[in-house]
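Numbering-wise (our numbering), the sequence shown opens with residue 17 and increments by one. Yeah, the Cβ is synthetic: ideal placement off N, Cα and C, and Gly gets one too.
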Amino acid sequence: MTVSGMASGVSVDTDGGMDGDQTSLGFRAQWLTSPSNWNEEQTVTLRAAADADTTFDTVTLTHSAAGGEYGAVSQKLVVRVTDDDAPALVLPPMALLIEEGGSATYTVRLAKEPTDGVTVTVGGMGSGVSVDTDAGTEGDQTSLSFTTTDWNTGQTVMVRAAADANTIFETVTLSHTASGGDYGAVSQELMVNVRDDDTASLVLSPAAVTVVEADSATYTVKLATEPTEAVTVT
């Protein structure tokens, strides 16, 4: 497997034991006396070079496999480089995935030391998605506080996705707005994808009916989940 797409000062090394940056990984199946390693994780080291600008760079690394039935297999990884020269919020680089009725957490920290205390407020909740920035305080809190001493310590935000009756996969974009110190104009977004656990089906009750000859009986039909439009059952 070969890693490519390095740019904007981002480099990779797949083998720290060799001189120079290596960009390939080898995976083996069991063959005669050779042990297999196809299901073992191999480490790739990422490095981001320092520069003089205040731009946040994003690089997409491509992982291309070759050999066996993996000849057409590839996977991409997005690398976000946070600049240490400008005030910024550090959030997960990828969208958060939550199962409906479940929860997940992520952390927020500051990219550089602020000139004074900073408050980060989380917004954009909706479609059954809620957040809590302080599990120790009753009710859902939506703000985080950073000082000049704990600015680089990640603080946890819990995200919950309420269960509903439809089969729609919801997407919510959470906003993070900073205030205080030199962070007054800083904001960052995080996308939250909610995977629905409902399946469209018909509910018949009772499940079986016995009818006496020359008599009649009834049963009921309903939908198991809320539909996106009108449904006709034939």
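query, result
"Where the beta strand (DSSP E) through Leu107 begins and ends", "Neither: Leu107 is in no beta strand (DSSP E) and is coded neither H nor E."
"Close-in-space but distant-in-sequence residues of the same chain around Asp73 (CB under 6 Å, 5 per side omitted)", "Ser24 and Val97"
"Between the CA atoms of Lys128 and Asp101 - distance to the nearest angstrom", "7 Å"
"Straight-line Cα distance separating Val237 from Asp99", "59 Å"
"Exposed unless 16 or more other CB atoms sit within 10 angstroms - verdict on Phe148", "This sequence places Asp at residue 148; Phe is not what is there. Counting Cβ neighbours within 10 Å, Asp148 comes out buried, since at least 16 surround it."
"For Gly84, three-class secondary structure by DSSP", "helix"
"Reference Gly196, options Gly32, Thr121, Gln58 and Thr135, closest by Cα", "Thr135"
"Helix, strand or coil at Ala66 [DSSP, three-state]", "coil"
"Segment contact, 8 Å Cβ cut-off, at least three pairs: the region 106 to 115 with the region 169 to 180", "yes"
"Same chain, Cβ closer than 7 Å to Val6, neighbours up to 5 away in sequence not counted", "No answer is possible for residue 6: it lies beyond the span of the chain, which begins at 17 and ends at 250."
"Cβ-Cβ distance between Phe185 and Asp212 below 8 Å", "yes"
"Unbroken beta strand (DSSP E) run spanning Arg211, endpoints", "Ser203 to Arg211"
"Proximity winner among Ser50, Asp29 and Ala88, relative to Val60 (alpha-carbon distances)", "Asp29"
"Beta-carbon proximity of Leu77 to Val19, cut-off 8 Å", "yes"
"CA-to-CA distance, Met17 to Trp167, given in whole angstroms", "39 Å"
"Exposed unless 16 or more other CB atoms sit within 10 angstroms - verdict on Leu239", "exposed"
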